[in-house]
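If you count the sequence shown from 1, position 24 lands on 24 in full-length UniProt numbering, and the numbers rise without skipping.
Okay, structure first, notes after.
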Amino acid sequence: MAEAAAAPISPWTMAATIQAMERKIESQAARLLSLEGRTGMAEKKLADCEKTAVEFSNQLEGKWAVLGTLLQEYGLLQRRLENVENLLRNRNFWILRLPPGSKGEVPKEWGKLEDWQKELYKHVMRGNYETLVSLGKAWHMPL
Numbered sequence: 001m002a003e004a005a006a007a008p009i010s011p012w013t014m015a016a017t018i019q020a021m022e023r024k025i026e027s028q029a030a031r032l033l034s035l036e037g038r039t040g041m042a043e044k045k046l047a048d049c050e051k052t053a054v055e056f057s058n059q060l061e062g063k064w065a066v067l068g069t070l071l072q073e074y075g076l077l078q079r080r081l082e083n084v085e086n087l088l089r090n091r092n093f094w095i096l097r098l099p100p101g102s103k104g105e106v107p108k109e110w111g112k113l114e115d116w117q118k119e120l121y122k123h124v125m126r127g128n129y130e131t132l133v134s135l136g137k138a139w140h141m142p143l
């Protein structure tokens, strides 16, 4: 083996070995650049996915808030419906008619009503008026 180490290497062999190593290094450098580019694209896609996830989360929070509000409103409407059903069941129909009296005075029961009952009366009266207007039967808005 000592003889093999001492044997001179020809310049052509040396040049061929150097050229082969340069080609291998260029190949590895090209592969490294390709991997760097792919890594950059993957990082960009990951950042876009994270951004989309945050936006989706924010939209979802908004939708949950709206859903909560809708559920609360549904509960209120359900209670109002139950109250109207109770009024009808107890034959308390005066709320659906105009207040008694030719001069538009407030009925005695008005002071005993809850706010939702007063609102119901206003909505019923406004609906009646709008119906009359649509039929061409009303000339002015009552106070």
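Every residue gets a Cβ at the ideal spot worked out from N, C-alpha and C, and that includes glycine.
Judged by DSSP in its simplified three-state form, residue 114 adopts coil rather than helix or strand.
In this structure, DSSP gives residue 10 a state outside helix and strand, which the three-state scheme calls coil. It is roughly 11 Å from the alpha-carbon of residue 51 to the alpha-carbon of residue 58. For residue 90, the secondary structure class from DSSP, reduced to helix, strand or coil, is coil. The Cβ-Cβ distance between residue 116 and residue 80 falls below 8 Å.
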